[in-house]
Amino acid sequence: MTWFAPIPLSIKLPLLAAAMMVLVGTVASQQVLRSLAQVQDARIQELARMHVEGLSVALGPLVLRHDIWEVYDTLDRAAQAGEGRRMVLTAVADERGRVLAATDPRRVPVDSDIASLGEEAVTLDALSVDGASPVLSLLAPLTYQGRTVGQIATELDVSDLLSERRQALLFLILGNAIAIGLLSAAGFLAIRKMLRPVTTLAGQMTETQGEPHPIPASDIPRGDGELARLARTYNSMVGAVAAKADAERRLAERERFVALGRLSSSLAHEINNPLGGLLNATDTIRSFADRPEVVRQSADLLDRGLRHLRDVTRATLDQNRMDPETRMLTPDDFEDIKLLIQPEVSRLALDLAWSVDPSAVTGCSVAAGPLRQIALNLLLNACAAAGPSGRVGLIARAQGGNLILQVTNTGSAMPKPALDRLLDDGPLSPGGGVGLRLVRDLVTTMGGAITHAHENGVTRIAISLPTSWEARDAQE
Amino acid sequence: MEHSISRRRFVGAGLAVLAAGDARAQPVFRLGLTPVFLDNDAAVIDGLRHALSRGMGRDIELVQRRTYQEITGLLLERSVDAAWLCGYPYLQHADLLDLVAVPVWRGGPRYQSYLIVGAGDAAANLSDLRGGTHAFSDPDSNSGYLVTATDLLRMGEQVESFFSRSIFTFGHRNVVRAVADGLVRSGSVDGYVWEALAVIEPDLTARTRVIARSEWLGFPPVCARCDSLGSEPVRALQTALMSLSETEEGRLALASLQLDGFQHATAGLFDGIAARMRDLDL
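Those protein sequence lines, which keep their order, are chains W and F.
In terms of my numbering, the first sequence opens at residue 12 and continues consecutively.
In terms of my numbering, the second sequence opens at residue 158 and continues consecutively.
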């Protein structure tokens, strides 16, 4: 039955219904044929009984007298009557079994042994139209005035009954075939119609691209049936999924702002540090406006400080651009990331190892925005995990058509909830951050893969991203 | 016809009442019939009865019995006024019976006994039938028994031993049926009946074949007791029989019987049968 399993429910159920109807039709036909056989048996037994009893009455005294001619004449006249058409042969014998006369004297001569005629003969009660032979043989005692004076052997032509039975069988087969065909078609259509909501539901669940869509209200069955409840439940689930996705988007957005917040303090520090120097430079210029070398020196100092501030500002702006996916990754993006993470590295006095292969990054066709977010999130986590005076590293290189982004850090291993958020799609445990889950979602969306290892006190997270849509398709 | 009979009955009944027994109501004439001819045909019987009734001017009751013996007995005990017998029972009771008339068939008052077999039977004569089954018409029938029995005697054989089994069908037509249907191998039958059947039931006789014909013998006569031969009813019957060919109804009856008419008969007509009877008694 394994072949049956892949057939859709909308085909399977109607087929089962049709099969049931065929079964019912077959059983009903069997019953009809059985009843017909019983009726025919009863009919043929009644007919044979009347024949034997009638002949017994008519022939009793003739058999007693061994009046061959009268026996024959009576049989012959009986054979001419309507009943005779069924009785193809009747032979009458005396009590010793010697034939007195038969309707076909040439076949059953006078004085022959009636036993030779009745080898396959049955008694009256055992007479049955069994379908094997068109002629039944009957051997019955000829009783007259309460005693058996002879025997009657009769052959009954039941070919018409067999024909009737065959005809009934044919009609039943034809009738059932037509009825079952019509009912099956009607049942097929009815069940298909009944199952349409399920088909729609299955279609909505399997054919949706991106996100599931609710079933339109017009397609939901009326009433409060199981299917209507199923459709409404599905719509509720779709709503819940959409709400969840929306919530996750909002969380991710918030996480981005959280990351931004964490950066902003560093940025404030980064801006504040040179600000003192810059203000000193302006004071110096005011105080020594008449000394060109001092003014030039102070102006150079101002220029470096302002350029640094401009770079920091640009990196922050790029990080928060609203449509970052439209731009492809360049080596400058890694410079920006380095610039953005630098304050955190400085604050924690970390040792940062930075290795970016420009050729791998330049032609990789990877969206800049998501990758910047991924790298920044991973680096911020790595900095936090490495702790003061730890080591943090980033490597970007090409490998087998993929862009490999590897972030390492010393320090303790990642706790399990954090690993789950990074490596699994399971529900988020309350209280945890969403930065790592955002990394996972972004990598998944880009068709990439994440691996994690913790060896010799170094945690290594590697992101493998296909460098083009073709490669992504091939990977899938 | 019925009107005149009814009137006659009415007048007769009235006279009976008026004359208080002195007047005689015309009694019904009772004529016995043996299965000598086509006694199974109701139309033939009716035709004969009507023709004779018209000719005699009185009602006729045709009395039929299964055997010759029964009819002969009825005649002897006066239960019938006359009877169409066979030459053999007539001669058996020649001392009590006398001839009223004899039919004329194919120009003469004689007929033959036929020995018949099935159409496919190869037998050519009586000798070939040894050990077979045989159908006689009636033990008191000349053509249907006496002829074959005496033929066998002349061959030095007995009916009982020559045939494996012999049966009586009590009707010449039955003999033909028995042979045609294969119930028996051979049969002794009235030649007149066989020829008549050949006309009206050719399919039946076609299934039989005549392998021997006897000499011409006296046709089965109409007889009455000697003591009633001169009585008015019997004389009326004799007159009616003789004049059957003179009326349309009579001619129709004769035609259906395939007879030419009736004529006076003498005892000498049955000498051939008498000779066979003597052989049988030896």
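Cβ coordinates follow ideal geometry from the N, Cα and C atoms, glycine included.
Classification of residue i by the beta-carbon crowding that lies within 10 angstroms, buried from 16 upward
i                            : result
arginine 97 of chain W       : buried
aspartate 179 of chain F     : Residue placement at aspartate 179 of chain F is poorly supported in this model, since its pLDDT is 35, which falls under 50; the coordinates still yield a value, given next. Exposed.
aspartate 252 of chain F     : exposed
arginine 302 of chain W      : exposed
serine 174 of chain W        : exposed
threonine 365 of chain F     : buried
serine 170 of chain W        : exposed
phenylalanine 268 of chain W : exposed
alanine 228 of chain W       : exposed
glutamate 389 of chain F     : exposed
methionine 333 of chain W    : A caution first: methionine 333 of chain W carries a pLDDT of 49, below 50, which makes its placement in the model too unreliable to give a value.
histidine 291 of chain F     : buried
arginine 321 of chain W      : exposed
Continuous alpha helix (DSSP H) stretch holding residue i: start and end
i                        : result
serine 575 of chain W    : Residue 575 of chain W falls outside the range modelled here, since chain W spans only 12 to 487, and no answer is possible.
cysteine 394 of chain W  : 379-397
alanine 16 of chain W    : Per DSSP, alanine 16 of chain W belongs to no alpha helix (DSSP H) and is neither H nor E.
aspartate 360 of chain F : 359-362
leucine 456 of chain W   : Sequence inspection shows threonine at residue 456 of chain W; the leucine mentioned does not correspond to that position. 446-456 is the extent of the alpha helix (DSSP H) around threonine 456 of chain W.
aspartate 136 of chain W : No alpha helix (DSSP H) contains aspartate 136 of chain W, which DSSP labels as neither H nor E.
tyrosine 247 of chain F  : 244-249
valine 121 of chain W    : Valine 121 of chain W -> no alpha helix (DSSP H), and no H or E assigned at all.
arginine 408 of chain F  : 405-414
For residue i: DSSP bridge partner residues
i                            : result
asparagine 467 of chain W    : None; asparagine 467 of chain W has no bridge partner.
histidine 446 of chain F     : Only positions 158 to 439 of chain F appear in this structure, which leaves residue 446 of chain F out of reach.
phenylalanine 419 of chain F : F:Pro260
phenylalanine 186 of chain F : F:Ile217
glutamine 410 of chain W     : W:Asn413
aspartate 255 of chain F     : F:Ala381
proline 477 of chain W       : W:Asn413
glycine 198 of chain W       : Looking at the DSSP assignment, glycine 198 of chain W forms no beta bridge with any residue, so it has no partner.
glutamine 405 of chain W     : For the record, residue 405 of chain W in the displayed sequence is leucine; it is not glutamine. According to DSSP, leucine 405 of chain W bridges with W:Trp365 and W:Val418.
aspartate 105 of chain W     : W:Gly161
arginine 241 of chain F      : According to the sequence as given, residue 241 of chain F is tryptophan; it is not arginine. According to DSSP, which records beta bridges pairwise, tryptophan 241 of chain F is partnered with F:Leu190 and F:Val379.
glycine 437 of chain W       : Answer is none; glycine 437 of chain W lacks a bridge partner.
Residue interval of the beta strand (DSSP E) (run including residue i)
i                        : result
tyrosine 155 of chain W  : 146-155
glutamine 162 of chain W : 158-168
aspartate 84 of chain W  : Aspartate 84 of chain W -> not in any beta strand (DSSP E); alpha helix (DSSP H) instead, spanning 79-91.
Cα-Cα separation, residue i to residue j
i                         : j                         : result
cysteine 383 of chain F   : histidine 207 of chain F  : 26 Å
serine 475 of chain W     : aspartate 362 of chain W  : 25 Å
valine 372 of chain W     : valine 450 of chain W     : 19 Å
arginine 181 of chain F   : aspartate 216 of chain F  : Bear in mind that the predicted position of arginine 181 of chain F carries a pLDDT of just 41, short of 50, making it unreliable; the figure below should be weighed with that in mind. Straight-line Cα distance between these residues: approximately 15 Å.
leucine 26 of chain W     : leucine 20 of chain W     : 9 Å
arginine 233 of chain W   : alanine 30 of chain W     : 29 Å
arginine 392 of chain F   : leucine 386 of chain F    : 7 Å
lysine 23 of chain W      : glycine 198 of chain W    : 12 Å
glycine 401 of chain W    : alanine 409 of chain W    : 27 Å
arginine 164 of chain F   : isoleucine 202 of chain F : The pLDDT assigned to arginine 164 of chain F is 40, lower than 50, so where the model puts this residue is not dependable, and the model offers no usable value.
aspartate 368 of chain W  : alanine 407 of chain W    : 6 Å
aspartate 230 of chain W  : leucine 200 of chain W    : 17 Å
threonine 561 of chain W  : glycine 404 of chain W    : Because chain W in this structure spans residues 12 to 487, residue 561 of chain W falls outside the shown range and cannot be described.
isoleucine 296 of chain W : histidine 319 of chain W  : 20 Å
threonine 154 of chain W  : glycine 36 of chain W     : 47 Å
aspartate 452 of chain W  : glycine 411 of chain W    : 23 Å
valine 333 of chain F     : glycine 348 of chain F    : 11 Å
alanine 364 of chain W    : glycine 422 of chain W    : 15 Å
aspartate 141 of chain W  : arginine 176 of chain W   : 11 Å
proline 17 of chain W     : alanine 213 of chain W    : 14 Å
arginine 490 of chain W   : serine 275 of chain W     : With chain W represented from 12 up to 487, any question about residue 490 of chain W goes unanswered, as that position is not in the structure.
Under 7 Å by beta carbon: chain W residues contacting residue i
i                            : result
phenylalanine 325 of chain F : Trp80
leucine 340 of chain F       : Tyr83, Ala112, Pro116 and Val121
glycine 239 of chain F       : Note that residue 239 of chain F is alanine in the sequence shown here, rather than glycine. By Cβ distance, chain W contributes nothing, its closest Cβ being about 28 Å from alanine 239 of chain F, past 7 Å.
threonine 290 of chain F     : Val121
arginine 322 of chain F      : Val121 and Asp122
alanine 337 of chain F       : Per Cβ cutoff of 7 Å: no residues; alanine 337 of chain F is ~10 Å from chain W at best.
Amino acids of chain W, ordered along the chain, whose beta-carbon sits closer than 8 Å to that of residue i
i                         : result
asparagine 331 of chain F : Trp80 and Asp84
arginine 263 of chain F   : The premise fails here: arginine 263 of chain F is roughly 29 Å from chain W at the closest Cβ pair, so nothing lies under 8 Å.
alanine 251 of chain F    : In chain order: nothing, as chain W lies at least about 29 Å away.
Partner residues on chain W for residue i, Cβ-Cβ distance less than 9 Å
i                      : result
alanine 280 of chain F : Ordered by position in chain W, no residue passes the 9 Å Cβ test against alanine 280 of chain F, which lies about 16 Å from the chain.
alanine 363 of chain F : Ordered by position in chain W, no residue passes the 9 Å Cβ test against alanine 363 of chain F, which lies about 16 Å from the chain.
Cβ-heavy atom distance, residue i to the ligand GTP, below 7 Å
i                     : result
valine 379 of chain F : Ligands are entirely absent from the displayed structure, and the ligand GTP is therefore not among its contents.
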